Amino acid sequence: METIIHMGRHKTGTTSIQHFLALNEALLLNRYGIYYPEVGRDPLMKYHHPIFRDWAENKKDLDLQLINKIKENAKRKSASRILLSSEILSRDSITETKWIQLKEAFNEKITIIVYLRRQDKYLQSMYAEEIRAGLINSKSTM
């Protein structure tokens with residue numbers, strides 16, 4: 000069974016993709032054999048941060064019981080692929096060693112999908128988000 004990891008960078012539409020995947024999980028499974036696990040997925044935001052957060056921050060080891068549960072569910076649902084999505088996997092703390100751990104945990108082929116955004120568009124989006132959040136105001140000077 001193949002595992003597909005979507006690790007979009009922040010401000011690249013990743014949240015929209017995750018919501019789309021969650022809304023269409025039955026279609027993905029039935030038509031394409033892709034299992035977008037509800038296990039390990041944040042129920043509100045639809046991403047798989049809970050699987051990776053503590054591991055990425057070196058607080059805990061990778062939760063192999065959770066990964067095994069995901070793999071078992073995928074087999075039970077006759078899926079040919081597992082699709083996980085989390086921006087956490089694009090962090091600098093995810094070293095080569097961590098990628099090896101992840102590959103060993105799934106013990107199969109892993110395909111990685113990364114979506115990047117032009118730097119100028121990324122900065123514009125981050126600036127707009129900080130204004131909306133009240134972290135800076137448009138009258139601030141640098």
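Residues 0 to 141 (numbering that gives the first Met the number 0) make up the sequence shown, in order. Glycine residues also receive a C-beta, built at the ideal position from the N, C-alpha and C atoms. Computed from a predicted model, the values in this text were never measured in an experiment.
Continuous beta strand (DSSP E) stretch holding L82: start and end: 80-84
Which two residues bound the contiguous alpha helix (DSSP H) that contains T13? 13-22
E107 in three-state terms, based on DSSP: coil
I need the DSSP call for I135, collapsed to helix, strand or coil. coil
What residue from S79, I135, I16 has the CA that sits closest to R47's CA? Note that residue 47 is His in the sequence shown, not Arg. The shortest Cα separation from H47 among S79, I135, I16 belongs to I16.
Assigned exposure category for M6 - 16 Cβ within 10 Å defines buried: buried
I99 by DSSP, collapsed to three states: which one? helix
Residues sharing a beta bridge with H5, DSSP: S84, I112
R30 versus I99: straight-line alpha-carbon distance, rounded: 31 angstroms
Member of L61, R52, L22, H18 whose CA lies at the smallest distance from the CA of E103: L61
Output needed for K68: all residues of its chain with C-beta closer than 6 angstroms, excluding positions within five of it in sequence on either side, in chain order. V38
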